[in-house]
Amino acid sequence: MDKKQLLHTTIYATAYSSCGTYLACGDNYGQIAVFNITEAVEAHSLKSTPYVVFQAHTGAIHALVTSGKYLISAGFGPINGWKWSDIRNKRPSKSFTLKDLQTNENESYNCVNYANKDSSIYTGADNGITYKWDINTLKCKGRFSGHTDYIHDLDTGSNTLITASEDGTVKLWDTRTATCTNTISPCKNKQLNRPEFGQWISSVALDESGEWLVCGGSAQPSLWHLRSKSMATVLETSDKSYTPNKLMFQDDEIISAGNKSIIYRWNVNGEKKAEIPCSINRVFSLSFKQLFGSVSNSLPLIASGNSYKLSLFTNLGYEGKLLSIV
61 MDKKQLLHTT IYATAYSSCG TYLACGDNYG QIAVFNITEA VEAHSLKSTP YVVFQAHTGA
121 IHALVTSGKY LISAGFGPIN GWKWSDIRNK RPSKSFTLKD LQTNENESYN CVNYANKDSS
181 IYTGADNGIT YKWDINTLKC KGRFSGHTDY IHDLDTGSNT LITASEDGTV KLWDTRTATC
241 TNTISPCKNK QLNRPEFGQW ISSVALDESG EWLVCGGSAQ PSLWHLRSKS MATVLETSDK
301 SYTPNKLMFQ DDEIISAGNK SIIYRWNVNG EKKAEIPCSI NRVFSLSFKQ LFGSVSNSLP
361 LIASGNSYKL SLFTNLGYEG KLLSIV
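Residues 61 to 386 (the numbering used here) make up the sequence shown, in order.
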């Protein structure tokens with residue numbers, strides 16, 4: 061990668077291996093770089109470089125997720141699966157491709173999630189449809205259609221799928237029937253609406269109980285109670301022009317990053333807890349380590365965005381060392 065490419069590198073996605081030792085990141089050139097995070101944390105050097113790098117897509121990689129022994133990559137074109145064992149041996153080769161016969165071959169996917177309960181992969185596409193794939197048969201077994209614009213983000217719970225779209229809505233779906241059970245329109249809420257930014261929702265997350273949802277985009281970040289279908293609180297930020305690219309629940313906190321060089325932390329009641337400076341100006345991905353079969357996340361936290369470097373946080377109070385893909 062030459063210097064000009066480095067200056068224009070964006071790392072949209074990161075994902076840990078199921079063992080928690082390795083971290084994969086995908087960039088706008090279709091490359092996946094993999095780091096040995098255990099060694100990176102223990103190394104005395106302030107900068108760590110990849111364990112292995114390989115070309116995974118012909119265009120940008122927008123999302124990565126681990127499903128047991130596989131790393132799933134989504135972006136421009138079909139969704140690809142890679143065995144972590146091949147990656148660890150520095151011999152990555154494509155294990156499978158997920159392709160829907162009803163979908164354009166050059167379809168772009170923006171988000172991907174793995175639901176361990178029913179061994180399903182969920183992918184949100186530019187055509188406004190979310191697809192459900194069986195990891196064992198590699199067949200599409202559900203299409204969730206109802207959004208009028210592309211899918212930015214999604215999350216899953218017990219028999220539940222939530223999707224966030226450029227159309228300004230968040231939809232809740234029953235994964236057993238692929239039917240929409242509820243629609244939330246944060247942009248229509250006077251406390252949240254910011255018309256100067258348009259009407260779109262870029263990030264959404266569901267808590268472990270399935271009772272609470274957090275979302276944001278052109279609308280301010282906010283916490284919603286699903287049973288009462290009402291907004292519980294606005295997640296206040298010091299910069300009113302802040303728009304989140306990532307929102308997530310972490311233990312008893314809500315964590316977010318977006319178009320500013322800050323990582324926000326709130327208590328689950330919406331009270332702001334901390335603002336952590338980050339050397340990346342625009343953050344697109346946050347990844348905690350999550351061991352396979354575990355419901356809880358752990359440090360280190362990895363942040364990536366409009367840089368060829370990634371920020372590593374071994375403490376949620378300050379930024380640690382940087383990882384570099386070159």
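C-beta atoms are modelled at their ideal positions from N, C-alpha and C, and glycine is treated no differently.
Limits of the alpha helix (DSSP H) - the one that T98 falls within: 97-102
Report the residue from N173, A279, H207 whose alpha carbon sits nearest the alpha carbon of W24. No answer is possible for residue 24: the residues shown for the chain start at 61 and end at 386.
From the DSSP output, in three-state form, read off P360 for me. strand
On the three-state DSSP scale, how would you describe I147? helix
What does DSSP give as the partner residue(s) for A175 in the beta ladder? S180
Which residues bound the beta strand (DSSP E) around L382? 382-384
Rounded distance between the beta-carbons of L359 and L346, thought under 8 angstroms: Actually they are not in contact, since the Cβ atoms of L346 and L359 sit about 12 angstroms apart, beyond 8 angstroms.
If you check the beta carbons only, do C247 and A292 fall under 7 angstroms apart? no
Drop a sphere of 10 angstroms on the beta-carbon of G377, count the other beta-carbons inside from all chains shown, and report buried for 16 or more, exposed for fewer. exposed
By Cβ distance below 7 angstroms, which residues in the same chain neighbour S179 in space, the five residues on each side in sequence not counted? D194, I195, N196
Collapsed DSSP secondary structure at L252 in the structure displayed: coil
Length of the line joining the Cα atoms of L372 and K332: 22 angstroms
Within a Cβ cutoff of 8 angstroms, which residues of the same chain sit near E313, ignoring the five residues on either side of it in sequence? R325, W326, N327, V328, K333
Thinking C-beta only, is A134 closer than 7 angstroms to A120? no
Neighbourhood of H285 by C-beta, 6 angstroms cutoff - its chain only, sequence neighbours within 5 removed: A292
State yes or no: is the C-beta of T126 within less than 7 angstroms of the C-beta of A75? yes
If you draw a straight line from the alpha carbon of D160 to that of L252, how long is it in whole angstroms? 37 angstroms
Please say whether L383 and S108 have beta carbons closer to each other than 7 angstroms? yes
Restricting to runs no shorter than 3 residues, where is the beta strand (DSSP E) found entirely within the segment 261-313? 261-266, 272-277, 282-285, 290-294, 304-310
Apart from the five residues on each side of it in sequence, which residues of its chain come closer than 7 angstroms, Cβ to Cβ, to D209? G188, S225, E226, D227
Which same chain residues, not among the five before or five after K143, have their C-beta less than 7 angstroms away from its C-beta? K129, Y130, S155
Between the alpha carbons of G276 and T229, how many angstroms are there, rounded? 10 angstroms
Residue nearest to D311 in terms of C-alpha spacing, selected from L266, E335, I322: L266
N- and C-terminal bounds of the beta strand (DSSP E) containing L376: Per DSSP, L376 belongs to no beta strand (DSSP E) and is neither H nor E.
Is P246 helix, strand or coil by DSSP? helix
Could you work out which residue in V112, T303, N140, V113 is closest to G258 when comparing CA atoms only? T303
Using DSSP bridges, identify the partner residues of G318. P304
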